[in-house]
Amino acid sequence: MDDRNFSDVGGTPGGLGHFLMGFAMACIGGYLLTNQVSVVGSYWNFYGTSTFGITLLPMLFGVGLLFFNGRSILGWLLTIAGALFIFAGVIANMHIYFQPTSLFNTIVMLVLLVGGLGLIARAIRPHGARPAA
Numbered sequence: 008m009d010d011r012n013f014s015d016v017g018g019t020p021g022g023l024g025h026f027l028m029g030f031a032m033a034c035i036g037g038y039l040l041t042n043q044v045s046v047v048g049s050y051w052n053f054y055g056t057s058t059f060g061i062t063l064l065p066m067l068f069g070v071g072l073l074f075f076n077g078r079s080i081l082g083w084l085l086t087i088a089g090a091l092f093i094f095a096g097v098i099a100n101m102h103i104y105f106q107p108t109s110l111f112n113t114i115v116m117l118v119l120l121v122g123g124l125g126l127i128a129r130a131i132r133p134h135g136a137r138p139a140a
């Protein structure tokens with residue numbers, strides 16, 4: 008470890024410039040891409056309309072059991088299963104839309120993102136002189 012420099016990235020010699028440039032490109036491309044995305048929620052449907060309350064019951068029973076006995080296995084199972092059920096329901100009821108943009112803007116966003124990730128991957132590889140075989 009004593010022969011390492013500040014410019015060593017990922018435990019390999021060299022690559023700091025590639026890493027910083029790739030990180031900046033990936034951040035800018037990721038920001039521009041996610042800025043064009045709209046996330047919209049919809050009504051919670053579970054065997055009927057507007058039944059979000061029924062999905063709370065397992066978690067609420069679990070929380071009640073945990074307040075009664077903090078070591079209750081059934082309480083922990085109901086609480087965790089109820090929370091996962093609610094989380095899955097929220098994710099399942101989201102609609103994600105890519106807002107209209109020009110082809111040029113889309114290509115710029117994707118090239119920045121993917122090019123930046125490529126430079127970050129390149130920075131992990133060793134740089135400089137190759138060892139003699």
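Heads up: the sequence shown at position 61 corresponds to 68 in this note's numbering, and the numbers run straight through without jumps.
Glycine included, every Cβ here is placed at the ideal spot set by N, Cα and C.
Remember, it's a predicted structure, so these values are computed and weren't measured experimentally.
**Prompt:** What's the call for V26, buried or exposed, on a 16-neighbour Cβ count within 10 Å?
**Reply:** The question names Val, but residue 26 in the sequence shown is Phe. F26 is buried by the Cβ-count criterion.
**Item:** Three-state secondary structure (DSSP) of G22
**Value:** strand
**Prompt:** What does DSSP give as the partner residues of S79 in its beta bridges?
**Reply:** According to DSSP, S79 bridges with nothing at all.
**Asked** Does the beta-carbon distance from M66 to G89 come in below 8 Å?
**Response** yes
**Item:** Nearest-angstrom Cα separation, counted from S109 out to L85
**Value:** 48 Å
**Request:** Using alpha carbons as the reference points, say which of L73, G77, G69 and R78 lies closest to L91.
**Result:** G69
**Message:** Between the alpha carbons of S130 and L120, how many angstroms are there, rounded?
**Reply:** Going by the sequence as given, residue 130 is Ala instead of Ser. Their backbone Cα atoms lie some 16 Å apart in a straight line.
**Message:** For a quick check, are the C-beta atoms of V46 and I103 less than 8 Å apart?
**Reply:** yes
**Asked** Which residues in the same chain as A33 place their Cβ atom closer than 7 Å to its Cβ, once the five residues preceding and following it in sequence are excluded?
**Response** L120, G123, L124 and I127
**Asked** Is it the case that the Cβ atoms of L117 and G60 are separated by a distance below 8 Å?
**Response** no
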